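Chemist: Numbered according to the numbering used here, the sequence shown spans residues 181 to 554. Even glycine gets a Cβ: it sits at the ideal position worked out from N, Cα and C. Computed from a predicted model, the values in this text were never measured in an experiment.
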Amino acid sequence: MKGLIKKYIALFAVMALLIPSYGSVVNAAANANPSWSVDERVIFHRECSPYDYYGAKDPTIVYYGGKYHVFYTGANKSGGWQMLYTSATTISGLKTAPRTYMSKIGESYFCAPEVFYYEPQKLWYLVYQDGTHGAAYATSTNIADPNSWSGPKSFGMSGNMGWDYYVICDDQYAYMYNTPSDGSHKLYVRKTTLANFPKGWGTPTVALNDSFEAAAVYKSNADGKYYLIMEDMKDGRYFELWTSSGAGGPWTQVSEKWAWRGNLTKYNADKWTTNVSHGELIRAGYNQKLEINDINKVDFLIQGTTDMSAQYQQIIWDLGIIRNYTPSSATPTPTSTPNPGIGSTVKLTDGWYYIKNVNAQKYLQVTDNTGKAG
Numbered sequence: 181m182k183g184l185i186k187k188y189i190a191l192f193a194v195m196a197l198l199i200p201s202y203g204s205v206v207n208a209a210a211n212a213n214p215s216w217s218v219d220e221r222v223i224f225h226r227e228c229s230p231y232d233y234y235g236a237k238d239p240t241i242v243y244y245g246g247k248y249h250v251f252y253t254g255a256n257k258s259g260g261w262q263m264l265y266t267s268a269t270t271i272s273g274l275k276t277a278p279r280t281y282m283s284k285i286g287e288s289y290f291c292a293p294e295v296f297y298y299e300p301q302k303l304w305y306l307v308y309q310d311g312t313h314g315a316a317y318a319t320s321t322n323i324a325d326p327n328s329w330s331g332p333k334s335f336g337m338s339g340n341m342g343w344d345y346y347v348i349c350d351d352q353y354a355y356m357y358n359t360p361s362d363g364s365h366k367l368y369v370r371k372t373t374l375a376n377f378p379k380g381w382g383t384p385t386v387a388l389n390d391s392f393e394a395a396a397v398y399k400s401n402a403d404g405k406y407y408l409i410m411e412d413m414k415d416g417r418y419f420e421l422w423t424s425s426g427a428g429g430p431w432t433q434v435s436e437k438w439a440w441r442g443n444l445t446k447y448n449a450d451k452w453t454t455n456v457s458h459g460e461l462i463r464a465g466y467n468q469k470l471e472i473n474d475i476n477k478v479d480f481l482i483q484g485t486t487d488m489s490a491q492y493q494q495i496i497w498d499l500g501i502i503r504n505y506t507p508s509s510a511t512p513t514p515t516s517t518p519n520p521g522i523g524s525t526v527k528l529t530d531g532w533y534y535i536k537n538v539n540a541q542k543y544l545q546v547t548d549n550t551g552k553a554g
């Protein structure tokens, strides 16, 4: 279908949902052993001294307001872990973007962030671990201002605490995943209602056994399934892939080694990593549902290194993108236009949009306030 979309577009009550997109949607089973290409490093250690002397680690990334926003951990020389922020209009632009220490919520130990926009409260959330509460969060109305965050605040949780706290929401609940500090190699999950978030968490239950850390969960728009990625360390650092029909599980393993040194098949720059460690997929949007377009077509911002021989705190980590697909010049950059609601009339800025309703899935490209859908 081809048609000219004029400057203003009426969205009527056909259950239409306007979702930002930067990749095509393909209804296909998850590839258990994809080939990954490795791009250049975009965030190096020792670019925000003294906070990142040994490493730039644990990134979380969203695209919003025309920029990629990255929060990450710096490993300093004295053994501390502290959070940093940077942003740029392009991924490559992150190489030269200013780095900022998150002093407004600063502690001697605060790290491993996750960022998302919680639509029910119209607030940005940073979820992280710290020395005050264990599981902490901070909030802001302006993701682009690193001094706008209010925190740390406590989730009020107890039992099986540890590190790498990660939240995803469906239409009813918020789910919190974390690795415990007891060395059991388990992954725990607990939930609360959207109305009670960020409080009211239930009893944690075991989501996975025999893994390591850095779990993250996403919903794929391609097949409607949820995918959990989790780092393990039985053969260097690598990521497992699991799937479920629900955000809270139960989980079925797709691959023990979904992203590992054995399928890093192409280096587009120097061979800066042979390990795939704590990272995050670049999402289709930025809200609490953590949607991606297709698990077989992801940009994965990881921490990487070629040398694991140093003491844990002193391992040199940098951040860069790996991809399990071959990008084309036609692949659009994600946009950050929010869902305007059923029956609304909105003015669209230039970019690519993914339109989904009960009968069809379409793409719309807008240029100079006009566009073509097909």
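1) Do you know offhand how far residue 204's Cα is from residue 475's?
2) Tell me which same chain residues have a C-beta within less than 7 angstroms of the C-beta of residue 494, skipping the five on either side of it?
3) Excluding the 5 residues flanking residue 374 on each side, which residues of the same chain have their C-beta closer than 7 angstroms to its C-beta?
4) Below 6 angstroms CB to CB, which residues in the same chain sit around residue 275 once its five sequence neighbours on both sides are set aside?
5) Would residue 217 and residue 446 be called neighbours here (beta carbons separated by less than 8 angstroms)?
6) Would you please state the rounded distance, in angstroms, between the beta carbons of residue 267 and residue 255? I believe it to be under 8 angstroms.
7) What does DSSP give as the partner residues of residue 308 in its beta bridges?
8) Does residue 524 pass the burial test, meaning 16 or more other C-beta atoms within 10 Å, or should it be called exposed?
9) Relative to the alpha-carbon of residue 489, which residue among 416, 500, 441 and 426 has its alpha-carbon at the smallest distance?
10) For my contact list, residue 344 and residue 393 are in at a C-beta cut-off of 8 angstroms; report their separation, rounded to the angstrom.
11) State the DSSP-derived secondary structure class of residue 495, mapped to helix, strand or coil.
12) Should residue 473 be labelled buried (16 or more other beta-carbon atoms within 10 Å of its own) or exposed?
13) Please identify the residue among 265, 242, 457 and 413 whose C-alpha is closest to the C-alpha of residue 328.
14) Since I believe residue 224 is in contact with residue 498 (beta carbons under 8 angstroms), could you give me their beta-carbon distance rounded to a whole number of angstroms?
15) For residue 413, which residues from the same chain have a beta carbon less than 7 angstroms from its beta carbon, with the 5 sequence-adjacent residues on both sides left out?
16) I'd like the span of the beta strand (DSSP E) that includes residue 345, first residue to last.
17) As a quick exercise: from 461, 336 and 448, pick the residue whose alpha carbon is nearest that of residue 372.
18) Threshold first: 3 residues or longer. Then list the beta strand (DSSP E) segments lying entirely within the segment 440-473, N to C.
19) Tell me the residue span of the beta strand (DSSP E) that contains residue 479.
20) Report the three-state DSSP secondary structure of residue 425 (helix, strand or coil).
21) Can you find a CB in chain C that lies within less than 8 angstroms of the CB of residue 256?
Modeler: From the atom records:
1) A caution first: residue 204 carries a pLDDT of 34, below 50, which makes its placement in the model unreliable, though a value can still be read off. Cα to Cα, the separation comes out at about 11 angstroms.
2) Excluding residues up to 5 positions away in sequence, 234 lie with their Cβ nearer than 7 angstroms to the Cβ of residue 494 in the same chain.
3) Excluding the 5 residues flanking it on each side, residue 374 has same chain C-beta neighbours closer than 7 angstroms at 300, 349, 352, 353 and 354, in chain order.
4) Non-local C-beta neighbours of residue 275 in its own chain, meaning closer than 6 angstroms and more than five positions away in sequence, comprise 222, ordered along the chain.
5) Taking 8 angstroms as the cut-off, the Cβ atoms of residue 217 and residue 446 count as close.
6) Actually they are not in contact, since the Cβ atoms of residue 267 and residue 255 sit about 21 angstroms apart, beyond 8 angstroms.
7) Checking the DSSP bridge columns, you'll see residue 308 partnered with 316.
8) Note on residue 524: pLDDT 48, under 50, position unreliable in the model; no value is reported.
9) Here the closest residue by C-alpha is 416.
10) Separation of the CB atoms of residue 344 and residue 393 is rounded to 5 angstroms, and the pair is thereby assigned contact status at 8 angstroms.
11) Three-state DSSP puts residue 495 in coil, outside helix and strand.
12) Residue 473 is buried by the Cβ-count criterion.
13) The shortest Cα separation from residue 328 among 265, 242, 457 and 413 belongs to 265.
14) For residue 498 against residue 224, the beta-carbon gap comes to about 5 angstroms, under 8 angstroms, which counts as contact.
15) Once the five neighbours on either side are set aside, the close Cβ partners of residue 413 are 392.
16) Element bounds for residue 345: 342-349.
17) That would be 336, whose Cα lies nearest to the Cα of residue 372.
18) Correct list: 444-447 and 457-461.
19) Start and end: 479-484.
20) If DSSP states are grouped into helix, strand and coil, residue 425 belongs with coil.
21) Chain labels in this structure do not include chain C; a single protein chain is all it has.
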